[in-house]
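Numbered according to numbering that gives the first Met the number 0, the sequence shown spans residues 0 to 72.
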Amino acid sequence: MTPRGNRASSRRLNLDPEKVKNGLAELVLTVVKLLHELVEKQAIRRIDGGGLTDEEIERLGYTLMRQSEEIAR
């Protein structure tokens, strides 16, 4: 066998479909958590800026709390 053939076969990945699936799920969850944190920070900026009514602040807080609970599940 040629040296080139040996290198090509040593570069092949032996992927386990279950590990790939779990890795993808972890990646998606990480992205969702990151987006949630960004939304929370933006909400705090809007609250601090006085751009929301008390009712909007209440709804926003409730929504973020429920979202956080769903992410944790």
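The beta carbon of each residue, even a glycine, is placed where N, CA and C say it ideally should be. From a predicted model like this one, the values you see are computed outputs, not experimental measurements.
Between which two residues does the alpha helix (DSSP H) containing residue i stretch?
i: residue 34; result: 16 to 47
i: residue 60; result: 53 to 71
Once the 5 residues before and after residue i are set aside, which same chain residues still bring their CB inside 7 Å of it?
i: residue 43; result: none
i: residue 28; result: none
i: residue 66; result: 35
Skipping 5 residues on each side, what residues in its chain have a beta carbon closer than 6 Å to that of residue i?
i: residue 51; result: 45
Measure the beta-carbon distance from residue i to residue j and round it to whole angstroms, keeping in mind my assumption that it falls under 8 Å.
i: residue 40; j: residue 70; result: 15 Å between Cβ atoms; not a contact.
i: residue 38; j: residue 63; result: 7 Å
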